[in-house]
Amino acid sequence: MAKELGFGILGAGMIAPFHAKSIQASRGGRLVAFCDTTKERVEKMAGEYGVRAYLSLDEMLKDPEIHVVNICLPNHLHHAAVIRCAAAGRHALTEKPPAMTLRETDDMIAACAKAKVKFGCTVQCRVRAAIRAVREAVLEGRFGKLLHADAYMKWHRTTEYYHSEAWRSTRKSGAGVTVQHAFHYIDLLQHLMGPARRVQARMSNLAHPSVRLEDTLLAFVDFQNGAQGVVQASTALWPGTDIRIEVNGMDGTAIVVGEKMTTWKFRDERPEDEAIRRLGDASQATAASGPTALGFADHSVVIQDLIDAIHADREVIIPVASVRPTLEMVLAMYQSAAKNAPVDLPVQDDESIWEM
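Reminder that position 176 of the sequence shown reads as 201 in the working numbering, one-by-one numbering, no gaps.
Take a look at the structure:
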(Lines of atoms letter the chains of each structure in order from A and count residues from 1; the text may use other names and numbers.)
(Lines give C-alpha, C1' and ligand atoms only; values in the text may rest on other atoms or scores of the structure.)
Protein backbone atom coordinates (compact mmCIF):
# COMPACT_ATOMS: atom_id res chain seq x y z
CA MET A 1 0.00 0.00 0.00
CA ALA A 2 1.28 3.47 -0.89
CA LYS A 3 2.45 5.69 1.94
CA GLU A 4 -0.11 8.19 3.20
CA LEU A 5 0.92 11.76 2.42
CA GLY A 6 0.52 14.49 5.00
CA PHE A 7 -0.64 17.95 3.89
CA GLY A 8 -0.14 21.33 5.47
CA ILE A 9 -2.20 24.30 4.30
CA LEU A 10 -0.36 27.63 4.35
CA GLY A 11 -2.94 30.37 4.78
CA ALA A 12 -6.20 30.04 6.69
CA GLY A 13 -8.26 32.40 4.58
CA MET A 14 -11.25 32.09 2.28
CA ILE A 15 -9.92 29.44 -0.09
CA ALA A 16 -8.31 27.19 2.54
CA PRO A 17 -11.47 25.14 3.32
CA PHE A 18 -11.75 24.08 -0.33
CA HIS A 19 -8.26 22.59 -0.09
CA ALA A 20 -8.98 21.07 3.33
CA LYS A 21 -12.17 19.34 2.20
CA SER A 22 -10.43 18.04 -0.92
CA ILE A 23 -7.56 16.58 1.11
CA GLN A 24 -9.98 14.93 3.51
CA ALA A 25 -11.92 13.43 0.61
CA SER A 26 -8.78 12.13 -1.11
CA ARG A 27 -7.38 8.63 -1.30
CA GLY A 28 -3.97 8.59 0.33
CA GLY A 29 -3.87 12.15 1.66
CA ARG A 30 -4.27 13.37 5.24
CA LEU A 31 -4.66 16.93 6.47
CA VAL A 32 -2.06 17.50 9.19
CA ALA A 33 -1.98 21.25 9.86
CA PHE A 34 -2.88 24.80 8.98
CA CYS A 35 -0.39 27.65 9.13
CA ASP A 36 -1.21 31.35 9.33
CA THR A 37 0.35 34.37 11.02
CA THR A 38 -3.00 35.34 12.56
CA LYS A 39 -3.24 33.21 15.71
CA GLU A 40 -7.00 33.43 16.22
CA ARG A 41 -7.76 32.57 12.61
CA VAL A 42 -5.43 29.60 12.31
CA GLU A 43 -6.49 28.13 15.65
CA LYS A 44 -10.14 28.44 14.66
CA MET A 45 -9.56 26.71 11.33
CA ALA A 46 -7.38 24.00 12.84
CA GLY A 47 -10.00 23.39 15.52
CA GLU A 48 -12.74 22.95 12.94
CA TYR A 49 -10.74 20.25 11.13
CA GLY A 50 -9.11 18.68 14.19
CA VAL A 51 -5.52 19.31 13.06
CA ARG A 52 -2.44 21.18 14.26
CA ALA A 53 -1.97 24.96 14.03
CA TYR A 54 1.32 26.68 13.20
CA LEU A 55 2.12 30.40 13.20
CA SER A 56 5.06 30.25 10.79
CA LEU A 57 5.95 28.29 7.69
CA ASP A 58 9.40 27.47 9.06
CA GLU A 59 7.75 25.90 12.10
CA MET A 60 5.35 23.87 9.95
CA LEU A 61 8.15 22.67 7.68
CA LYS A 62 9.85 21.07 10.69
CA ASP A 63 6.85 18.75 11.07
CA PRO A 64 8.00 15.36 9.69
CA GLU A 65 4.41 14.33 8.96
CA ILE A 66 3.99 17.03 6.31
CA HIS A 67 5.01 16.03 2.80
CA VAL A 68 2.99 18.55 0.76
CA VAL A 69 2.23 22.23 1.33
CA ASN A 70 -0.83 23.84 -0.24
CA ILE A 71 -0.09 27.54 -0.60
CA CYS A 72 -3.25 29.57 -0.06
CA LEU A 73 -1.63 32.93 0.63
CA PRO A 74 -2.23 36.34 -0.96
CA ASN A 75 -0.84 36.27 -4.48
CA HIS A 76 2.30 38.32 -3.85
CA LEU A 77 3.48 35.87 -1.17
CA HIS A 78 3.46 32.69 -3.28
CA HIS A 79 7.05 32.98 -4.50
CA ALA A 80 8.81 33.14 -1.13
CA ALA A 81 6.68 30.32 0.26
CA VAL A 82 7.37 27.95 -2.64
CA ILE A 83 11.11 28.60 -2.49
CA ARG A 84 11.14 27.70 1.22
CA CYS A 85 9.05 24.58 0.65
CA ALA A 86 11.39 23.39 -2.08
CA ALA A 87 14.42 24.02 0.12
CA ALA A 88 12.79 21.85 2.80
CA GLY A 89 12.08 19.07 0.28
CA ARG A 90 8.30 19.50 0.37
CA HIS A 91 6.02 19.19 -2.63
CA ALA A 92 4.05 22.39 -3.34
CA LEU A 93 0.64 23.20 -4.74
CA THR A 94 0.06 26.91 -5.16
CA GLU A 95 -3.09 28.87 -5.77
CA LYS A 96 -3.19 31.01 -8.89
CA PRO A 97 -1.51 33.12 -10.11
CA PRO A 98 1.70 31.19 -9.45
CA ALA A 99 3.51 34.49 -8.80
CA MET A 100 3.41 38.18 -9.69
CA THR A 101 6.29 38.12 -12.18
CA LEU A 102 7.78 35.77 -14.75
CA ARG A 103 11.12 35.89 -12.94
CA GLU A 104 9.54 34.67 -9.72
CA THR A 105 7.69 31.94 -11.60
CA ASP A 106 10.89 30.74 -13.24
CA ASP A 107 12.68 30.82 -9.86
CA MET A 108 10.01 28.60 -8.33
CA ILE A 109 10.00 26.12 -11.21
CA ALA A 110 13.81 25.85 -11.05
CA ALA A 111 13.86 25.47 -7.26
CA CYS A 112 11.30 22.66 -7.29
CA ALA A 113 13.06 20.89 -10.16
CA LYS A 114 16.39 21.09 -8.30
CA ALA A 115 14.79 19.74 -5.13
CA LYS A 116 13.00 17.02 -7.13
CA VAL A 117 9.61 17.91 -5.65
CA LYS A 118 6.29 18.18 -7.46
CA PHE A 119 4.98 21.69 -8.16
CA GLY A 120 1.42 22.29 -9.30
CA CYS A 121 -1.02 25.17 -9.64
CA THR A 122 -4.74 25.20 -8.87
CA VAL A 123 -6.18 26.57 -12.07
CA GLN A 124 -8.68 23.83 -11.42
CA CYS A 125 -11.25 24.86 -14.06
CA ARG A 126 -9.07 22.95 -16.53
CA VAL A 127 -10.19 19.63 -15.08
CA ARG A 128 -13.94 20.14 -15.65
CA ALA A 129 -15.34 17.45 -17.91
CA ALA A 130 -16.72 19.93 -20.45
CA ILE A 131 -13.39 21.76 -20.72
CA ARG A 132 -11.54 18.48 -21.13
CA ALA A 133 -13.85 17.56 -24.01
CA VAL A 134 -13.21 20.89 -25.72
CA ARG A 135 -9.44 20.51 -25.35
CA GLU A 136 -9.51 16.99 -26.74
CA ALA A 137 -11.47 18.21 -29.76
CA VAL A 138 -8.94 21.03 -30.28
CA LEU A 139 -6.04 18.59 -30.12
CA GLU A 140 -7.79 16.23 -32.55
CA GLY A 141 -8.30 19.09 -35.01
CA ARG A 142 -12.04 18.59 -34.91
CA PHE A 143 -12.78 22.34 -34.97
CA GLY A 144 -10.85 22.66 -38.22
CA LYS A 145 -9.11 26.02 -38.48
CA LEU A 146 -9.53 27.75 -35.14
CA LEU A 147 -11.06 31.19 -35.51
CA HIS A 148 -12.17 32.52 -32.12
CA ALA A 149 -11.93 31.76 -28.40
CA ASP A 150 -13.66 34.00 -25.87
CA ALA A 151 -14.10 34.21 -22.10
CA TYR A 152 -16.93 36.14 -20.46
CA MET A 153 -16.89 36.52 -16.68
CA LYS A 154 -19.68 38.82 -15.46
CA TRP A 155 -19.47 38.49 -11.70
CA HIS A 156 -20.42 40.48 -8.64
CA ARG A 157 -18.31 41.26 -5.58
CA THR A 158 -19.34 43.67 -2.87
CA THR A 159 -17.21 46.55 -1.67
CA GLU A 160 -17.07 44.72 1.67
CA TYR A 161 -15.35 41.81 -0.06
CA TYR A 162 -12.54 44.08 -1.20
CA HIS A 163 -12.13 45.51 2.30
CA SER A 164 -12.39 42.17 4.11
CA GLU A 165 -8.58 41.80 4.05
CA ALA A 166 -5.99 44.47 3.27
CA TRP A 167 -4.47 42.58 0.34
CA ARG A 168 -7.81 42.27 -1.48
CA SER A 169 -7.82 46.01 -2.19
CA THR A 170 -4.12 46.30 -3.09
CA ARG A 171 -3.07 45.89 -6.69
CA LYS A 172 0.53 45.18 -5.73
CA SER A 173 -0.76 42.14 -3.85
CA GLY A 174 -2.53 40.84 -6.95
CA ALA A 175 -6.09 41.86 -6.17
CA GLY A 176 -7.31 43.27 -9.48
CA VAL A 177 -9.99 41.41 -11.40
CA THR A 178 -7.55 40.47 -14.16
CA VAL A 179 -4.93 38.65 -12.10
CA GLN A 180 -7.15 37.53 -9.23
CA HIS A 181 -10.48 36.50 -10.71
CA ALA A 182 -10.22 36.34 -14.50
CA PHE A 183 -6.91 34.47 -14.33
CA HIS A 184 -8.81 31.17 -14.32
CA TYR A 185 -10.60 31.95 -17.58
CA ILE A 186 -7.69 33.60 -19.33
CA ASP A 187 -5.90 30.38 -18.43
CA LEU A 188 -8.64 28.32 -20.07
CA LEU A 189 -8.19 30.26 -23.31
CA GLN A 190 -4.43 29.69 -23.16
CA HIS A 191 -4.95 26.02 -22.26
CA LEU A 192 -7.28 25.52 -25.22
CA MET A 193 -5.70 27.79 -27.83
CA GLY A 194 -2.05 28.07 -26.88
CA PRO A 195 -0.02 31.21 -26.20
CA ALA A 196 -0.99 34.71 -27.26
CA ARG A 197 0.88 36.76 -29.85
CA ARG A 198 -0.62 40.18 -29.06
CA VAL A 199 -3.09 41.66 -26.59
CA GLN A 200 -4.86 44.98 -26.27
CA ALA A 201 -6.60 45.69 -22.98
CA ARG A 202 -8.60 48.36 -21.22
CA MET A 203 -9.16 48.32 -17.46
CA SER A 204 -11.57 50.38 -15.39
CA ASN A 205 -13.29 50.58 -12.03
CA LEU A 206 -17.04 50.65 -12.56
CA ALA A 207 -18.57 49.88 -9.18
CA HIS A 208 -15.97 49.97 -6.38
CA PRO A 209 -14.77 53.61 -6.14
CA SER A 210 -13.22 53.15 -2.69
CA VAL A 211 -10.83 50.52 -4.08
CA ARG A 212 -7.82 51.57 -6.15
CA LEU A 213 -7.72 48.72 -8.65
CA GLU A 214 -9.58 47.55 -11.73
CA ASP A 215 -12.88 45.72 -11.30
CA THR A 216 -13.45 45.40 -15.06
CA LEU A 217 -11.32 44.17 -17.96
CA LEU A 218 -11.92 44.28 -21.70
CA ALA A 219 -9.21 42.65 -23.81
CA PHE A 220 -8.65 41.55 -27.38
CA VAL A 221 -6.29 38.64 -27.95
CA ASP A 222 -4.47 37.45 -31.05
CA PHE A 223 -3.23 33.89 -30.56
CA GLN A 224 -0.08 32.44 -32.09
CA ASN A 225 -2.22 29.90 -33.97
CA GLY A 226 -3.93 32.71 -35.92
CA ALA A 227 -7.20 32.75 -33.98
CA GLN A 228 -8.47 35.79 -32.13
CA GLY A 229 -10.47 36.22 -28.96
CA VAL A 230 -12.10 38.46 -26.40
CA VAL A 231 -11.87 38.52 -22.63
CA GLN A 232 -14.62 40.39 -20.79
CA ALA A 233 -14.31 40.15 -17.03
CA SER A 234 -15.87 42.11 -14.21
CA THR A 235 -16.81 41.93 -10.54
CA ALA A 236 -19.12 44.94 -10.92
CA LEU A 237 -22.15 43.26 -12.48
CA TRP A 238 -24.93 42.34 -10.05
CA PRO A 239 -26.10 39.71 -9.35
CA GLY A 240 -23.34 37.83 -11.18
CA THR A 241 -23.79 35.21 -13.88
CA ASP A 242 -21.85 32.07 -14.75
CA ILE A 243 -18.70 32.30 -16.81
CA ARG A 244 -18.96 31.51 -20.50
CA ILE A 245 -16.18 29.99 -22.61
CA GLU A 246 -16.64 29.82 -26.38
CA VAL A 247 -14.46 28.17 -29.02
CA ASN A 248 -15.28 28.57 -32.72
CA GLY A 249 -13.62 26.96 -35.71
CA MET A 250 -14.37 26.44 -39.37
CA ASP A 251 -15.93 23.07 -38.56
CA GLY A 252 -17.36 23.39 -35.06
CA THR A 253 -18.45 25.42 -32.06
CA ALA A 254 -18.36 24.59 -28.35
CA ILE A 255 -19.75 26.73 -25.53
CA VAL A 256 -19.37 26.01 -21.83
CA VAL A 257 -21.42 28.00 -19.30
CA GLY A 258 -20.32 27.52 -15.72
CA GLU A 259 -19.24 23.89 -15.80
CA LYS A 260 -22.03 22.83 -18.20
CA MET A 261 -21.60 22.13 -21.91
CA THR A 262 -24.39 24.12 -23.57
CA THR A 263 -23.35 23.98 -27.24
CA TRP A 264 -21.45 21.17 -28.99
CA LYS A 265 -21.89 21.23 -32.76
CA PHE A 266 -19.57 19.87 -35.43
CA ARG A 267 -19.86 19.22 -39.13
CA ASP A 268 -18.80 15.62 -38.49
CA GLU A 269 -21.37 14.39 -36.01
CA ARG A 270 -20.13 11.44 -33.95
CA PRO A 271 -21.96 8.86 -31.79
CA GLU A 272 -20.35 10.17 -28.60
CA ASP A 273 -21.52 13.75 -29.17
CA GLU A 274 -24.87 13.31 -27.45
CA ALA A 275 -23.15 12.24 -24.22
CA ILE A 276 -20.70 15.15 -24.47
CA ARG A 277 -23.61 17.58 -24.74
CA ARG A 278 -24.78 16.36 -21.33
CA LEU A 279 -21.46 16.99 -19.57
CA GLY A 280 -21.51 19.18 -16.49
CA ASP A 281 -24.11 20.31 -14.00
CA ALA A 282 -25.90 23.59 -14.65
CA SER A 283 -26.90 23.82 -10.98
CA GLN A 284 -23.30 23.75 -9.70
CA ALA A 285 -22.32 27.23 -8.47
CA THR A 286 -19.08 28.60 -9.95
CA ALA A 287 -18.41 31.70 -7.80
CA ALA A 288 -20.37 34.19 -9.93
CA SER A 289 -22.29 35.70 -7.03
CA GLY A 290 -19.71 35.35 -4.26
CA PRO A 291 -16.17 34.10 -3.56
CA THR A 292 -17.30 30.97 -1.70
CA ALA A 293 -20.26 30.14 -3.96
CA LEU A 294 -18.65 27.07 -5.51
CA GLY A 295 -17.99 23.44 -4.79
CA PHE A 296 -14.65 21.74 -4.16
CA ALA A 297 -14.88 18.93 -6.73
CA ASP A 298 -12.39 20.55 -9.10
CA HIS A 299 -9.87 21.13 -6.30
CA SER A 300 -10.33 17.47 -5.37
CA VAL A 301 -9.29 16.32 -8.84
CA VAL A 302 -6.11 18.43 -8.72
CA ILE A 303 -5.18 17.29 -5.21
CA GLN A 304 -5.89 13.61 -5.90
CA ASP A 305 -3.75 13.84 -9.01
CA LEU A 306 -0.91 15.37 -6.98
CA ILE A 307 -1.03 12.44 -4.55
CA ASP A 308 -1.00 9.97 -7.43
CA ALA A 309 1.79 11.85 -9.22
CA ILE A 310 4.01 11.75 -6.13
CA HIS A 311 3.56 7.99 -5.77
CA ALA A 312 4.07 7.34 -9.50
CA ASP A 313 6.87 9.94 -9.78
CA ARG A 314 5.28 11.56 -12.80
CA GLU A 315 4.31 15.11 -13.74
CA VAL A 316 1.24 16.63 -12.11
CA ILE A 317 -1.88 17.37 -14.13
CA ILE A 318 -1.30 21.16 -14.02
CA PRO A 319 2.43 21.88 -13.81
CA VAL A 320 3.29 25.52 -13.14
CA ALA A 321 5.31 25.65 -16.36
CA SER A 322 2.03 25.16 -18.25
CA VAL A 323 0.52 28.17 -16.44
CA ARG A 324 3.44 30.51 -17.13
CA PRO A 325 2.06 31.54 -20.57
CA THR A 326 -1.19 32.55 -18.85
CA LEU A 327 0.69 34.80 -16.45
CA GLU A 328 2.51 36.30 -19.42
CA MET A 329 -0.83 37.07 -21.10
CA VAL A 330 -2.07 38.70 -17.90
CA LEU A 331 1.08 40.79 -17.53
CA ALA A 332 0.76 41.86 -21.16
CA MET A 333 -2.82 42.96 -20.49
CA TYR A 334 -1.71 45.16 -17.60
CA GLN A 335 1.08 46.62 -19.72
CA SER A 336 -1.33 47.26 -22.57
CA ALA A 337 -3.83 49.00 -20.30
CA ALA A 338 -1.07 51.16 -18.81
CA LYS A 339 0.19 52.19 -22.27
CA ASN A 340 -3.26 52.33 -23.90
CA ALA A 341 -1.74 50.42 -26.80
CA PRO A 342 -1.40 46.85 -28.08
CA VAL A 343 1.43 44.79 -26.59
CA ASP A 344 3.25 42.00 -28.40
CA LEU A 345 4.37 38.87 -26.58
CA PRO A 346 6.75 37.72 -25.21
CA VAL A 347 6.98 40.47 -22.60
CA GLN A 348 9.49 41.39 -19.95
CA ASP A 349 8.57 41.91 -16.31
CA ASP A 350 7.53 45.49 -15.58
CA GLU A 351 6.61 45.83 -11.93
CA SER A 352 5.35 49.38 -12.44
CA ILE A 353 2.07 47.83 -13.61
CA TRP A 354 1.26 46.98 -10.00
CA GLU A 355 1.36 50.63 -8.97
CA MET A 356 -2.01 52.37 -9.01
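Don't be surprised by glycine CBs; every beta carbon is placed ideally from N, CA and C.
As computed with DSSP, Asn-273 is found in a beta bridge with His-173 and Thr-278. Listed in chain order, the non-local C-beta contacts of Val-202 below 7 Å within the same chain comprise Glu-239, Asp-240, Thr-241, Leu-242, Ala-258, Ser-259 and Thr-260, local neighbours out to five positions each way being set aside. Secondary structure in the region 285 to 344: the alpha helix (DSSP H) runs of 4 residues or longer, each lying completely within the stretch, are 298 to 302 and 322 to 337 in chain order.
When the five nearest sequence neighbours on each side are left out, the beta carbons in the same chain lying within less than 6 Å of the beta carbon of Gly-145 are those of Leu-118, Leu-331, Val-341 and Ile-343, in order along the chain. When C-beta atoms of the region 157 to 172 are compared with those of the region 132 to 142, fewer than three pairs fall below 8 Å, so the two segments do not count as touching.
Residue burial annotation: Trp-263 is exposed, with fewer than 16 other C-beta atoms found within 10 angstroms of its C-beta. Annotation for Ser-259: the continuous beta strand (DSSP E) segment containing it runs 253 to 259. When the Cα atoms are used, His-181 and Ile-268 turn out to be separated by approximately 12 Å. Asn-365 and Gly-75 have their alpha carbons spaced roughly 51 Å apart.
Segment contact: the region 94 to 103 against the region 184 to 200, three or more CB-CB distances shorter than 8 Å; contact assigned. Annotation: Glu-299 to Val-256 spans about 29 Å, alpha carbon to alpha carbon. DSSP, read as helix, strand or coil, puts Phe-43 in helix.
Distance from the CA atom of Ile-328 to the CA atom of Gly-219, rounded to whole angstroms, is 24 Å. Minimum Cα-Cα distance from Gly-254 among the listed residues Ala-363, Lys-46 and Asp-175 corresponds to Asp-175. Bounds of the beta strand (DSSP E) holding Met-228 are 221 to 229. Look at the beta carbons and you see the region 28 to 46 touching the region 82 to 94: at least three pairs across the two are nearer than 8 Å.
Glu-84: member of the alpha helix (DSSP H) spanning 82 to 86, first to last residue. Judged by their CB atoms, Gly-274 and Leu-172 are nearer to each other than the 7 Å cut-off. In the displayed model, Thr-241 falls within a strand according to three-state DSSP.
Within the model, the alpha-carbon separation for Gln-49 versus Pro-367 is close to 46 Å. As a beta-bridge residue in DSSP terms, Ala-117 pairs with Val-94 and Phe-144.
Contact between the region 58 to 71 and the region 110 to 129 is absent: fewer than 3 CB-CB pairs across the two stretches fall below 8 Å. By DSSP's assignment, His-181 forms a beta bridge with Ala-261. Glu-376 and Gly-320 have their C-alpha atoms spaced approximately 34 Å apart.
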